[in-house]
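Reviewing the structure listed below.
In this note's numbering, the protein residues as written are 4 to 82.
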């Protein structure tokens with residue numbers, strides 16, 4: 004699987020722009036809190052990044068059986 008670039012649109016839309024708006028808005032309203040806003044933006048951005056990572060579901064070495072939730076009969080000729 005190819006490595007994802009940190010310059011992809013999903014990172015700009017989900018992490019960089021909200022973090023920038025948080026810091027920029029803090030500079031406009033109360034510039035003394037800019038350092039705290041940057042730290043909060045960094046922490047929230049890291050949380051968002053790790054939540055965006057794909058999680059593994061299947062184990063490659065073990066056969067896993069899954070329960071069939073719904074069976075739709077399309078035709079009598081289909082198994």
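Virtual Cβ for every residue (Gly too), placed ideally from N, Cα, C.
Straight-line gap, residue i to residue j (C-alpha atoms, nearest Å)
i	j	result
residue 29	residue 11	26 Å
residue 17	residue 77	41 Å
residue 52	residue 81	43 Å
residue 32	residue 9	30 Å
residue 72	residue 58	22 Å
Own chain residues within Cβ distance below 6 Å of residue i, not counting five before or after
i	result
residue 15	none
residue 48	18, 22
residue 44	22, 25, 26
residue 55	none
Residues near residue i in its chain [Cβ-Cβ closer than 8 Å; skip 5 each side]
i	result
residue 79	none
Own chain, CB closer than 7 Å to residue i, minus 5 neighbours either side, in chain order
i	result
residue 36	29
Taking 8 Å as the threshold, find out whether the stretch 57-70 comes into contact with the stretch 32-45 through three or more Cβ pairs. no
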